Ligand SMILES: Nc1ncnc2c1ncn2[C@@H]1O[C@H](COP(=O)(O)OP(=O)(O)OP(=O)(O)O)[C@@H](O)[C@H]1O
Ligand SMILES: Nc1ncnc2c1ncn2[C@@H]1O[C@H](COP(=O)(O)OP(=O)(O)OP(=O)(O)O)[C@@H](O)[C@H]1O
Ligand SMILES: [Mg+2]
Ligand SMILES: [Mg+2]
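Protein chains in written order, with the numbering used here: chain U, 1 to 228; chain C, 1001 to 1247; chain P, 2001 to 2247; chain W, 3001 to 3264; chain G, 4001 to 4216.
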């Protein structure tokens, strides 16, 4: 028992360091995902046909291939083509673009579920199409998409675990190093699982609270669950 | 027809030989109609006849294929006319209310004032409250659409249109999505507007309303105006037998 | 009542002093009722009175809180009785049909035979076709529920129950989810069954059916049986004034 | 749980070819078991040329592969290679999923507690690799201090960095990267994302050639002893394989295998 | 020309991993299917105890990254039974997928109307018979769209088993990379293969959906 406490004492600080990195990667990637997903989602619904098509290729590509290979491609593959990102940038970019594709699709669903009458009514009081999108459609769609984005945030938190494979010492990376150092892989990974459980649990409840606060009577829609 | 009146003043809306087709379906086949200031015209006719389409032409939500439309002195079908500006002058109320779901009643009325008319927030707030008062809903200002009854929703929709200070109001079957009990409150508001001198073009099957409020009833069928006249004449001595269809 | 008959033969179903409550709501407050072989009993009474609950007690879909029920010689409320076996002997037809959505009409009738009675497929197939024939739907054997009209669905539901060779059939408002035009076909099938000698207990507001087919009409109210007798007596000379409520 | 910094990770592992299961090894009767099965299952991590890699036909090739096949021939059994992550090998041999490890592995005291090692079949040196145009001069291992450096997770090189550069304060912990595979570290050196990597000498040479890297220092100061084959603790196969290796060293077989794989 | 040649040889080498990828995916989906049905039925129709187990399994496993689940399971499985990397990896992935499938089947089971169970009871079916012959066949059809989505997610997550040494597409790409020192090519080929695989899978599943849709 004493042994185990000492073991924990040694392991937990490293894992906490890893947790900070995990949160950082998940946070930045999600944000990048929003920055990308928002215009892409809008373009997918309101853009000209050629744009819809191009953006469709982007979302299909990122949704159709494994995140891990995307990450390897960006990190180890692109330098061969003369493009070198440091490992954090590579992680942000890959996870961000991946998440952007999913977020765009969720937003698209939400935009399309805002009833057509809303646009007509907005135009009827003299708003331009762009004004109507900004003032009427998007505020509704963003609220509608919130549950899907909560799922996405949780998926993201979990999918960051692949970045250990490009030598980022995130929670999973720390677990890998620790399990090489100690002779206790099962224990290490179980502890790490608890870490993720807590992280995901907290995120879940925070996002639920946000959803509740942003909720408006009569505005509901939930697209099927998806993952990054 | 109201030729004698038309001579006195300028019509506020003038439709001239309007044609409109969707794909192969010809919906409007040459409709001409004028609306005088403060006049209330009720459009009736069987379903699919083009009443809604005609109404939507007046604020360019539909663009006529042929024909010309004047709004006061301006020919709005002329190239280069800013549609958004036109729509600010023409209020429209839909069958399905189409309130902005994410905004309270008050915000629904305000948003056009602030975003389109660029009024300042304080002024818009005051004016929006006034408009809600006018439709008898000042006490529901902070309710979201989902928290309002159908009749209340429709009255907010009317207030929203009025908030833009329109010169004409268009109503497309504003009570047909309502239970009979709720219909009354909306008709009362419309009646009040008419008495205040608002120019109105109304698609409605509410014959009671037409009879009491309309200056003129226009009967459409198959893409044409087949009869028009004061309500007494239209309902009591129809020249075309079909007027009765819509009763 | 049918006391004279009861003396001659054994009742097929006997309910003795049945009590049933859901939470604090007492639904059945001591109901006793016997059903003789080949008898058709129609249960009537206002909504919420416990008619459905009583019916569901007979095949143990609801378990009485107190009281005893015999099905032929067996006390089915005794501990250790296999409910599934009981239900095989009691056919039940619901208001909402409850056909198995993923199975064709024929398969709906067959599945109980093959899975519950462990009949072989060929025999089940033949018998199921026969049952469909009996309700006049042999030509719809391969249709899925979604491809059948309400009346057809209900007739398949009857065939499904008949396929188990039940000794008693229970019907809970079998026509009330149907359009008036479709009601007739289901009532005709039930009438036919009655003439063939099937013992039936029917909750229904179809007075025409009751009058023509029922041997006995039982009027329930507030958890009690308040009156019972042959239909002529019940409808034409009710002792309790309330019988009229259900007409 | 044994808390032993420096112990090698316990990761079990598995076959890549065929899916027939191997019965857990009772380390004592291992010889009899292998003979009875007619098959010696050797675990490796096939990303370490010239010791072990996969050729274009999907065959396991390299110095270690040739050696273990020759040993198998001597034992009169077939050899089956199972590929797995390097840090899973020790657990795999402990759990009897593989009979031996041959993966250019060095006997360290920590590993020796977990498994038994044969006599060395090849002496070992380490190399510091830098980018082809690197201007760094590494005259002795400690000169690597303060530079960004990488090594493969769970290797003796990684441990040396931790013990001699990080623990001494020469290098900060976040300048050290642990890679799943050695070639990933080499790619990062090539792209300039890290300045140095520490790795076995021979793979260093082939990685350097192929990635345009430069060997900055060849040294035996960072490493003690040579490569050995690992077996479960107490295996009776150890004596047998020791004998065969000694024989091979005497009769020139090792020499031949070396040359065949381009090693000095 | 050299480029094309290189592409073809790389492709030919990596494409062999496709069978392993498909194998891992199929095994994982099948295992997840069994676990998902069991836990889903337990959550909807089980007693408190069984429902509790189903819920815990689903909630905990879904909160933890698949790769962590794979590592835990991989170590646990291989200390209990002797399995190849292929089986250990596939089973672990299946265990993870099972948690997601639990939710899919739970939703589908609950959307089968209550009347179906009553009607099944009324013709004398036992509870378990009713679940097997009436409720599940309908729930499975209702679950198909969500299940198809899960299938493509598992297909993509199957790359994660490379970390325990399964020679699927990504692992073979790694071999190529280690040999040719050309990561760009190796990963490009792997990406294309996956893209093709998901697109085909999506199409097949969509057809299955149309074919087996429950007419309600
Ligand atoms: N956007 C459109 N695309 C194609 N057809 C349309 C469109 N809008 C209207 N139509 C068709 O034009 C015809 C006239 O429609 P309109 O809505 O104007 O009729 P209406 O007189 O208002 O009928 P109702 O009383 O049913 O509202 C109908 O046949 C309708 O189907
Ligand atoms: N499972 C249940 N849980 C709680 N209350 C129930 C349940 N089933 C029935 N009840 C209640 O028991 C009472 C009797 O219901 P029952 O369905 O037997 O009435 P009924 O005579 O068939 O009425 P109706 O003619 O409307 O079908 C009602 O008040 C009903 O709400
Ligand atoms: Mg209309
Ligand atoms: Mg009832």
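Glycine residues also receive a C-beta, built at the ideal position from the N, C-alpha and C atoms.
A quick note: this is a predicted structure, and the numbers were derived from the prediction, not measured.
Chain order gives no chain U residues near residue 3263 of chain W, where near means a beta carbon separation below 8 Å; the closest approach is about 27 Å.
With a cut-off of 6 Å, the C-beta of residue 2052 of chain P is classified as distant from ligand 3, since no heavy atom of the ligand falls inside that distance. Residue 2058 of chain P and residue 2146 of chain P have their C-alpha atoms some 30 Å from each other. Residue 1203 of chain C carries a strand assignment under DSSP once its states are collapsed to helix, strand and coil.
Where residue 2025 of chain P is concerned, the enclosing beta strand (DSSP E) starts and stops at 2025 to 2035. Interface annotation, residue 159 of chain U: not in contact with chain W, CB-CB separation never under 7 Å. Any Cβ of chain W closer than 7 Å to the Cβ of residue 84 of chain U would place that residue at the interface, and such an atom is present. Put simply, the CB of residue 69 of chain U is near chain G, with a gap under 7 Å to one of its CB atoms. With a cutoff of 6 Å, residue 65 of chain U does not count as near ligand 1, since its C-beta is closer than that to no heavy atom of the ligand. Per DSSP, residue 2018 of chain P is not a residue of any alpha helix (DSSP H); the beta strand (DSSP E) it occupies stretches across 2013 to 2022. The segment 68 to 86 of chain U makes no contact with the segment 140 to 154 of chain U, as fewer than three CB pairs between them are under 8 Å. For residue 1096 of chain C, the C-beta contacts it makes with chain U under 7 Å involve 117, in order along the chain. Beta-bridge partners of residue 3044 of chain W (DSSP): W:3083. Here the alpha carbons of residue 3080 of chain W and residue 4016 of chain G stand approximately 20 Å from one another. Taking a beta-carbon distance threshold of 7 Å, residue 219 of chain U counts as an interface residue toward chain C.
The beta carbon of residue 2193 of chain P sits closer than 6 Å to none of the beta carbons in its chain outside the five residues before and after it.
Below 8 Å, enough C-beta pairs join the segment 4011 to 4030 of chain G and the segment 4165 to 4175 of chain G to call them touching: three or more. Just measuring C-alpha positions, the residue of C:1233, C:1220, C:1232 and C:1234 sitting nearest residue 1030 of chain C is C:1220. Among the residues facing chain W, residue 4107 of chain G is not included, as its CB has no counterpart in that chain under 7 Å away. Among the residues facing chain C, residue 131 of chain U is included, as its CB has a counterpart in that chain under 7 Å away.
Put simply, the CB of residue 3126 of chain W is far from chain G, with every gap to its CB atoms at 7 Å or more.
Shown here, residue 3039 of chain W sits in a strand according to DSSP, grouped into three states. In this structure, the CA atom of residue 1052 of chain C is about 38 Å from the CA atom of residue 103 of chain U. Residue 2172 of chain P carries a strand assignment under DSSP once its states are collapsed to helix, strand and coil. In the DSSP assignment, residue 2090 of chain P falls within the unbroken beta strand (DSSP E) covering 2090 to 2093. Between residue 4194 of chain G and residue 65 of chain U, the CB-CB gap stays under 7 Å. Residue 4117 of chain G is outside the set of residues whose beta carbon lies under 7 Å from a beta carbon in chain P. According to the DSSP secondary-structure assignment, residue 3219 of chain W is paired through a beta bridge with W:3126.
A residue is called buried when at least 16 other Cβ atoms come within 10 angstroms of its Cβ; residue 149 of chain U meets this threshold and is buried.
Interface annotation for the segment 4078 to 4091 of chain G against chain W: 4078, 4079, 4082, 4083, 4084, 4085, 4086, 4087 and 4088, criterion Cβ-Cβ distance under 7 Å. Cβ-Cβ distances below 8 Å link residue 1150 of chain C to 1097, 1177, 1178, 1179 and 1182 in the same chain, with the five nearest sequence neighbours on each side left out; the list follows chain order. According to the DSSP assignment, residue 1220 of chain C belongs to the beta strand (DSSP E) that extends over 1216 to 1221.
Distance from the CA of residue 3228 of chain W to the CA of residue 3214 of chain W, rounded to the nearest whole angstrom, comes to 27 Å. In chain order, 3187 make up the part of chain W whose C-beta sits under 8 Å from the C-beta of residue 4183 of chain G.
For residue 147 of chain U, there are no C-beta contacts with chain C under 8 Å, since the nearest C-beta of that chain is about 15 Å from it.
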